[in-house]
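A.B. asks: I'd like to ask some things about the structure below.
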Amino acid sequence: MQEVLGYAEKNRERFQADLFEWLGMASVSTDPAFASEVRRAADWLVTRMQNLGLKTRLVTTRKHPIVIAETEPVPGTPVVLVYGHYDVQPPDPLNEWTTPPFQPAVRDGKVFARGATDDKGQMLTHLFGTEAWLRTVGKLPVQIKFLIEGEEECGSHSLHELLRGEYDNGTSIVESLANDIVVISDSSQYGAGQPAITYGLRGIAYYELRLTGPSQDLHSGGFGGAVTNPANTLCRILGQLLDDEGRVTLPGFYDAVVDLTKEERKQFADLGFDDAAFMKSVGVSGMQGEAGYSTLERRWARPTCDINGLWSGYQGEGAKTVLPARAGAKFSFRLVPNQNPQQISESLTEWLQERIPPGITMELIDRHGAVGSMVPLDSPFMAAAGAAIQSGFGTAPVFIRSGGSIPVVNEFASRLGSDTLLLGWGQDDDNMHSPNEKFSLDDFQRGILSSAHLWSEIGKMKIR
Ligand code: BES
Ligand code: MN
Ligand code: MN
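As numbered in our numbering, residues 1181 to 1644 make up the sequence shown, in order.
Shown next, in the form of structure tokens:
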């Protein structure tokens, strides 16, 4: 182990240089304009894995390729599947970045670039933790398989197809992914200096609503008040999604919600969350949410609804008196166990239809959905992860839930029968999905060390 850790220490700068090179590739999965950059990022990863001697393949899909690789089998020890994603969110709004999103820049010990923490930087820690073993001991204490996709940020459609066996021509890719535990580093620590293991994620139901009124834009003086304005309608409807208590108004929305237990509420409270510091970090002077719940409860364990995009009418400089022909919005619900996105879709469709006035037609696009997930806390893998983090970060982790979604976690459970370890190396203020996304280079290195320790800890668990 000393040799492995020594290698990681010696290669600290090279690890960073590799990360910066990868972050320079604009692997934005949702926008087809970036397809060649997505491909370049996948190819880069394949080359790195091949150079390490991993059995590697690039699975081409209907959209972006999936990278699969594995180290040698180690009989009698658990098989680990590392999942991650090499795609990133769009960098918009571009003018809010201090330095360009795909030209990684280091300031104050942090690298700033789209994908720095979500998820290229976090994902790479496991490849480098693996490299440290291969380049010193020559082999790993456990077999590690990598499954790195390029569509996580737009719904993981190709990965779902792959897990359903749709890319198995002749040989079974799904069988080749068999494992005892999944490891994902794609979330956050509890705070600076306080690493965490995440045991719950929220689910999601994401929609786009398009409303159409008159056949073209009209003079709002000549026609307003008589012809239904789709922008007015959109605002009326979206405004009714949440009530004054911060609760979603769709019928049946809360029926399946698993409520927080007294014990869990106490555990959350014991974390001593600082609302004032949190408000400061996001630049607000007050907060609002579901009545009767704390900030952590609202973020981690209660469902909600957010508008993610909104458009209609005149957006240019100055004033234009127009009654727009069209209006649209993207919005999503964050779900908690055991809410079902399909049921939400049905209830939403009906709810919307009841609210569409004469003169407006609606189109509702169901973009993607996933149920929330909870992972067991009392497994030997959890104990191994706890020990690895203690060694890599020098601090024992706390257990937290997280408000984000990683849809494939449920599929690992249902299709591969695996539990997942969510070991986030990021920070809540790393600006995931926001301008100036960043990742602490110390956290990057501690993630690499924790990964190297994790393989050793899991290797001690003899099974079969
Ligand atoms: N890494 C995030 C999910 C995440 C963020 C988990 C913070 C825990 C803490 C992931 O890349 C992500 O953004 N997921 C999407 C899912 C969606 C596109 C299906 C999300 O949560 O919005
Ligand atoms: Mn992610
Ligand atoms: Mn993300």
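Using N, Cα and C, we set each Cβ at its ideal position, and we do this for glycine too.
1. Say whether the stretch 1529 to 1545 touches the stretch 1615 to 1623, bearing in mind that this needs 3 or more beta-carbon pairs closer than 8 Å, one atom from each stretch.
2. What I want to know is whether the C-beta of Glu-1333 ends up closer than 7 Å to one or more non-hydrogen atoms of ligand 3.
3. State the CB to CB distance for the pair Ile-1377 and Met-1229, rounded to an integer number of angstroms; the pair is presumed to be in contact (CB under 8 Å).
4. Taking the runs of the beta strand (DSSP E) that are 3 residues or longer, which of them lie wholly in the stretch 1465 to 1494?
5. Hey, would you say Ser-1209 sits closer than 8 Å to Gly-1330, going by beta carbons?
6. What is the DSSP secondary structure of Ser-1646, counted as helix, strand or coil?
7. Run through the DSSP bridge pairs and tell me what Lys-1510 is partnered with.
8. Residues in the same chain with beta-carbon distance under 7 Å from Asn-1520, minus the five sequence neighbours each way, listed in chain order, please.
9. Can you grab the Cα-Cα spacing for the pair Trp-1605 / Ile-1364, in whole Å?
10. Report the CB separation of Pro-1483 from Leu-1515 in whole angstroms; it is logged as a contact under 8 Å.
11. Throw me the rounded Cβ distance for the Ser-1636 and His-1306 pair, which I believe falls under 8 Å.
12. Suppose the cutoff is 8 Å on Cβ atoms and the five residues either side in sequence are ignored; what does the same chain contact list for Thr-1475 look like?
13. According to the neighbour-count rule (16 or more other Cβ atoms, all chains shown, within 10 Å of its Cβ), is Lys-1446 buried or exposed?
14. With a CB to CB cut of under 6 Å and the five nearest residues on each side skipped, what residues in its chain are close to Glu-1406?
15. Whole beta strand (DSSP E) runs in the stretch 1374 to 1460 with 3 or more residues, listed along the chain?
16. Consult DSSP for Val-1317 and reduce its assignment to one of helix, strand or coil.
17. What ranges does the beta strand (DSSP E) occupy inside the stretch 1544 to 1606, keeping only unbroken runs of at least 3 residues that lie completely in it?
18. Can you tell me which residues form a DSSP beta bridge with Gln-1323?
19. For Leu-1327 versus Leu-1357, is the C-beta distance shorter than 8 Å?
20. Identify the residues that DSSP records as bridge partners of Ile-1524: which are they?
21. Using the C-alpha atoms, what's the distance from Asp-1211 back to Thr-1541?
22. Give the DSSP-derived three-state secondary structure of His-1613 in the structure shown.
23. Return yes when the C-beta of His-1548 is under 7 Å from any heavy atom of ligand 2, and no when it is not.
24. How big is the Cα-Cα spacing for Gly-1186 and Thr-1279?
25. Among Gly-1318, Gly-1566 and Leu-1225, which residue has its Cα nearest to the Cα of Ser-1207?
26. When you compare each of Thr-1575, Gly-1574, Thr-1600 and His-1633 to Ala-1568 by their alpha carbons, which one comes out closest?
27. With a Cβ-Cβ cutoff of 8 Å, do Gly-1627 and Gln-1302 count as a contact?
28. Let me check understanding here. Comparing Cα to Cα, which of Gly-1597, Ala-1213 and Asp-1610 lies closest to Leu-1343?
29. Quick check: is the beta carbon of Met-1303 nearer than 8 Å to any beta carbon in chain C?
30. Specify which residues have a beta carbon nearer than 5 Å to any heavy atom of ligand 2, listing them in chain order.
31. Between Val-1286 and Phe-1624, what straight-line distance do the alpha-carbon atoms span, to the nearest angstrom?
32. Locate the beta strand (DSSP E) running through Ser-1620, then write down its first and last residues.
C.D. replies: By the coordinates alone:
1. With a cut-off of 8 Å, the stretch 1615 to 1623 and the stretch 1529 to 1545 do not count as touching, because too few Cβ pairs lie within range.
2. yes
3. Not quite, the Cβ-Cβ distance comes to about 26 Å (not below 8 Å), so this is no contact.
4. 1484 to 1492
5. Gly-1330 is positioned such that its CB atom lies closer than 8 Å to that of Ser-1209.
6. Since the first and last residues shown for the chain are 1181 and 1644, residue 1646 lies out of range.
7. Glu-1388 and Gly-1489
8. Ala-1436 and Val-1551
9. 10 Å
10. Confirmed, about 5 Å.
11. Contact flag wrong, Cβ pair sits at about 14 Å.
12. Taking Thr-1475 as the centre and dropping the five residues before and after it, the same chain places the C-beta of Phe-1453, Asp-1455, Phe-1458, Met-1467 and Gly-1469 closer than 8 Å to its C-beta, in chain order.
13. That one is exposed.
14. Looking at the sequence itself, residue 1406 is Ala, so the reference to Glu does not match. Closer than 6 Å at the Cβ level, and outside the excluded window around Ala-1406, lies no residue.
15. 1376 to 1381 and 1383 to 1392
16. coil
17. DSSP runs (the beta strand (DSSP E)) wholly in the stretch 1544 to 1606: 1578 to 1582 and 1599 to 1602.
18. Paired residue(s): Val-1259.
19. A contact, by the Cβ cut-off of 8 Å.
20. Answer is none; Ile-1524 lacks a bridge partner.
21. 27 Å
22. DSSP places His-1613 outside both helix and strand once states are collapsed to three, so it counts as coil.
23. no
24. 33 Å
25. Of the candidates Gly-1318, Gly-1566 and Leu-1225, the one whose C-alpha sits nearest the C-alpha of Ser-1207 is Leu-1225.
26. His-1633
27. yes
28. Gly-1597
29. Structure shown: chain C not included; a single protein chain is present.
30. Asp-1298, Asp-1299 and Asp-1366
31. 13 Å
32. 1618 to 1620
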